[in-house]
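Residues 259 to 767 (my numbering) make up the sequence shown, in order. Below is one structure, written out as structure tokens, with a few remarks after it.
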Amino acid sequence: IEQEGKTKIENIFVIDAHSHLGQDVDGATMMNPLTSGGTFDFWGNVQGRIKADWEKTGEQSFITNINGKSTRITWSFTPYPFTDKLYTALEKLGKKHSDLKEKSKFYAMIDQCVCFPFKDTFRDTHPEALYRASNINVSRFTTRFPFSMKLIGYGRCDPMEGEKAVKEVRYMREVLGLRGLKLHPRSEGWIDKISSEKVIQVLIEAASFSMPVIFDTRGRGSILEIGNLIESTRKELKVKYPDLLPHLKVIIAHFAQGNVDDFEVYNTIVQPNVYGDLSMLHGAGAGNFFESFRKWFHSHNKERVDNRIWSEYLLYASDYPYFGDVHSQKLLKYIINKQFFDTGGTITDIKNILGLNQIRILPEYTLPQQQKDLKNPPSLIVSNPLFSQNSGSAFDILIDTIARLVVENKVEIKKLYLQFKDSWTEFNNDVLLTLSSKKTQQEINILLMNLIKDRVSIFAPLQSNLEWKKFGYKYFNPMDRAFFAKLFEVNYLSMDLNKTIETFSHIYT
């Protein structure tokens, strides 16, 4: 962003909020995202189409007006630093997963995606719930490396199964580690029962785990009925479980396509606890929608509804493989082009739509993250006092350690969480990982943190009385001082890679 002779770089984390994994009864298939023609290839094709469109239109760089000042915006694709450095470390080792670095350069734009079951051909092979087999399939992919770096797994259930469906929500979160829920009224034949008590109970159970719930829709009638369902669920929560109200998070898919200037649909989205996914929307209609929705939102003072700005209601989504790279590019184009800025859009809006809203509603960012069954585990401090001579960053040693342990089949990376800097505005290079020991199967949430840039970093396991702070830590904040005091109570020190690998293996695997 160039303005008045000054240049500022903004990094935007991109998440596709709607894709599928499995094999649908209608013939649609996505059994392995890494195979040729899979989800990762799809991302590469989207990125290629955006580059081709930039070459054709010249809109990779353009001049617009921001805060009354002439501003040049220039776009480029940059991989998320932690994942990219981990891939680089694996490439250097030249063994398992060494090809990820080369492959990933073609899909640097889309950092992660949400995926959930189709109406799978194999869904009903377990008696516990209709979608148990499908949920196990999604969990197996999304909680193992390298998929865990890129995929966010949601489960699926059929609310018409009653108590079975409620129990399945609990199972998918507590046992399978899935992070949200997909509901499909039309596919499962309960389109006329959307606001029924069975569906309300499933939403309440999802809220108890702070899991977002995404609804497939077909036409405005189902959109409006889901709005009624949300209102009914809110009323029941207010009476019975008021503490769960902030954790009710419903995403209405496909709401914008065909509904530009439909203010009844807009009002259904702009209410507490609700988000709209933009899948199916593409082309000039996408540009028209953003302008229409923003104008309607401001003219009706809708910020007062839920203390959110207009873009905090919207999620970029592809609905892959039902919609391909052409559709996705023709939506993304209108989120980042000159028209978006010229009609009142901002970088903050783009961050919200492209990934930040999706991150905000994941359970790990809305519920405390700690390690209930882990008391006083040691930390591992890595120091490189000779950084000025050898340029080997202590944080890079942390990453190299993880890479080696993955290759040696000692740890599994089950989940990746971004660490933010003070607020949602900017993420930093620290990360929280959920790791599991291949030997003991014990899971541990471990923070990889810079203490002194380049020179001192730490593997900091969360404990029963130490919560993860997604907005980072300050050395002189009294609460954070207690956190660091606890971390340093029992710790090991390492000053080289081999010692770090040996010590990490001894402590955590």
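All residues carry an ideal CB built from backbone N, CA and C; glycine is no exception.
Please name the residue or residues paired with Glu-670 in a DSSP beta bridge.
Walking along the sequence shown from the start, residue 670 turns up at place 412. According to DSSP, which records beta bridges pairwise, Glu-670 is partnered with Ser-694.
For Val-689, which residues of its own chain have a beta-carbon under 8 Å away from its beta-carbon, when the five flanking residues on both sides are left out?
Within the sequence shown, numbered from 1, the residue matching residue 689 stands at position 431. Closer than 8 Å at Cβ, skipping near neighbours: Phe-340, Leu-674, Tyr-675, Leu-676, Gln-677, Leu-705, Leu-706.
Given Glu-317, which residues of its chain have a CB within under 7 Å of its CB, disregarding the five upstream and five downstream residues?
Here the question's residue 317 lines up with position 59 in the sequence shown. Apart from the 5 residues on each side of it in sequence, Glu-317 sits with its Cβ closer than 7 Å to the Cβ of Asn-595, Lys-596 in its chain, given in chain order.
Roughly how many angstroms lie between the CA atoms of Trp-301 and Glu-494, to the nearest whole one?
For this step, residue 301 is matched to residue 43 along the sequence shown. For this step, residue 494 is matched to residue 236 along the sequence shown. Each residue's Cα considered, the two are about 41 Å apart.
With 16 other Cβ atoms within 10 Å as the buried cut-off, status of Thr-526
Sequence index remark: in the sequence shown, residue 526 carries index 268 (1-based). It counts as buried.
Could you tell me if Val-427 is buried or exposed, where buried requires 16 or more neighbouring beta carbons within 10 angstroms of its beta carbon?
Taking the sequence shown and counting its residues from 1, the one referred to as residue 427 is at position 169. A buried status is given to Val-427, since no fewer than 16 other beta-carbon atoms sit within 10 Å of its beta-carbon.
Could you tell me which of Ser-586, Phe-581, Leu-573, Asn-634 sits nearest to Asn-610, measuring between CA atoms?
Here the question's residue 610 lines up with position 352 in the sequence shown. Looking at the Cα atoms, Leu-573 is the closest of the given residues.
Which of helix, strand or coil DSSP assigns to Lys-361:
Counted from its first residue, the sequence shown places residue 361 at position 103. Helix.
Just confirm the distance between the C-beta atoms of Gly-280 and Ser-392, as a whole number of angstroms; I'd bet it's less than 8 Å.
One-based indexing of the sequence shown puts residue 280 at position 22. One-based indexing of the sequence shown puts residue 392 at position 134. Correct: roughly 6 Å between the Cβ atoms.
Going by C-alpha to C-alpha distance, which of Ser-453, Ser-397, Asp-450 sits closest to Val-433?
Sequence index remark: in the sequence shown, residue 433 carries index 175 (1-based). Ranking the options by Cα distance to Val-433, first place goes to Ser-397.
With three or more beta-carbon pairs closer than 8 Å as the criterion, would you say the segment 512-524 touches the segment 445-452?
no
Evaluate Tyr-733 with the Cβ neighbour count: other Cβ atoms within 10 Å of its Cβ, from every protein chain shown; 16 or more gives buried, anything less gives exposed.
Against the sequence shown, residue 733 aligns to sequence position 475. Its Cβ having fewer than 16 others within 10 Å, Tyr-733 is exposed.
Taking one C-beta from the segment 722-737 and one from the segment 656-669 each time, how about it: are there three or more such pairs within less than 8 Å?
Under the three-pair Cβ rule at 8 Å, the segment 722-737 does not count as touching the segment 656-669.
Does the Cβ of Glu-522 have 16 or more other Cβ atoms within 10 Å, making it buried, or fewer, making it exposed?
By 1-based counting over the sequence shown, the position of residue 522 is 264. Exposed: under 16 other Cβ atoms inside 10 Å.
Local conformation of Ala-310 per DSSP, three classes:
Numbered from 1 along the sequence shown, position 52 holds the residue referred to as residue 310. Of the three classes helix, strand and coil, the one that applies to Ala-310 here is helix, per DSSP.
Kindly list the residues whose CB is nearer than 7 Å to the CB of Phe-376, restricted to its own chain and excluding five residues on each side of it in sequence; keep chain order.
For the purposes of this step, residue 376 is taken as the residue at position 118 of the sequence shown. Counting only Cβ-Cβ distances below 7 Å, and skipping sequence neighbours, we find His-278, Gly-280, Gln-281, Asp-282, Ala-286.
Close beta carbons around Ile-394, own chain, < 7 Å, minus the five adjacent residues each side:
Position 136 of the sequence shown, counted from the first residue, corresponds to residue 394. Cβ within range, chain order: Leu-434.
Check whether the segment 340-354 and the segment 413-425 are in contact - that is, three or more C-beta pairs closer than 8 Å.
no
Limits of the alpha helix (DSSP H) - the one that Gly-730 falls within:
Here residue 730 refers to the residue found at position 472 when the sequence shown is read from its first residue. Premise fails: Gly-730 is in no alpha helix (DSSP H) and is neither H nor E.
Candidates Thr-329, Arg-307, Asp-564, of which the one nearest Phe-335 by Cα
Here residue 335 refers to the residue found at position 77 when the sequence shown is read from its first residue. Taking only the C-alpha atoms, the option nearest Phe-335 is Arg-307.
DSSP three-state call for Ser-328: helix, strand or coil?
Position 70 of the sequence shown, counting from 1, holds the residue named residue 328. Strand at Ser-328.
Here's the rule I'm using: 16 or more other beta-carbon atoms within 10 Å means buried, otherwise exposed. How should Phe-729 be labelled?
The residue given as residue 729 occupies position 471 in the sequence shown. Exposed, by the Cβ-count rule.
Enumerate in chain order the residues of its own chain whose CB-to-CB distance from His-585 is below 6 Å, with the five nearest sequence positions on each side excluded.
Position 327 of the sequence shown, counted from the first residue, corresponds to residue 585. Closer than 6 Å at the Cβ level, and outside the excluded window around His-585, lie His-540.
Using the Cα positions of Ala-366 and Ser-537, report the straight-line distance between them to the nearest angstrom.
Numbered from 1 along the sequence shown, position 108 holds the residue referred to as residue 366. Numbered from 1 along the sequence shown, position 279 holds the residue referred to as residue 537. Roughly 21 Å separates the two Cα atoms.
Are Phe-599 and Phe-548 touching if we call contact CB-CB under 8 Å?
Taking the sequence shown and counting its residues from 1, the one referred to as residue 599 is at position 341. Taking the sequence shown and counting its residues from 1, the one referred to as residue 548 is at position 290. Not in contact: Phe-599 and Phe-548 (Cβ atoms no closer than 8 Å).
The segment 461-479 contacting the segment 708-724, beta-carbon criterion three pairs below 8 Å:
no
For Ala-718, report the span of its beta strand (DSSP E) as first-last.
Numbered from its first residue, the sequence shown carries residue 718 at position 460. Unbroken beta strand (DSSP E) run through Ala-718: 714-719.
So what's Asn-703 in DSSP terms, helix, strand or just coil?
On the sequence shown, residue 703 is found 445 positions in, with the first residue counted as 1. Here Asn-703 sits in strand by DSSP.
Quick check on Thr-400: does DSSP put it in helix, strand or coil?
The count along the sequence shown starts at 1 and reaches residue 400 at position 142. Thr-400 falls in the helix class under three-state DSSP.
Check Arg-414 in the structure and name its three-state DSSP category.
As a working note, residue 414 is residue 156 in the sequence shown. Arg-414 sits in a strand when the DSSP states are folded into three classes.
I need the DSSP call for Ile-258, collapsed to helix, strand or coil.
The chain is shown from 259 up to 767; residue 258 falls before or after that span and cannot be answered.
If we ignore side chains and look at the alpha-carbon of each, how far apart do Ile-799 and Phe-762 end up?
Outside the shown range of the chain (259 to 767) lies residue 799, about which nothing can therefore be said.
Using three-state DSSP, classify Gln-616 as helix, strand or coil.
Start at 1 with the first residue of the sequence shown, and residue 616 comes out as number 358. DSSP places Gln-616 in helix when its eight states are reduced to three.
Spatial neighbours of Gly-438 in its chain, beta-carbon cut-off 6 Å, leaving aside the 5 residues before and after
Your numbering for residue 438 matches position 180 in the sequence shown. The answer, listed in chain order, is Tyr-412, Met-469, Pro-470.
Check each candidate in Ala-743, Asp-712, Asn-486, Val-508 and name the one with the smallest Cα separation from Gln-721.
For the purposes of this step, residue 721 is identified with residue 463 of the sequence shown, where counting begins at 1. When each option's Cα is compared against that of Gln-721, the closest is Ala-743.
State the beta-bridge partners of Ser-770 as determined by DSSP.
Lying before the first or after the last residue shown, residue 770 is absent from the chain, which here runs from 259 to 767.
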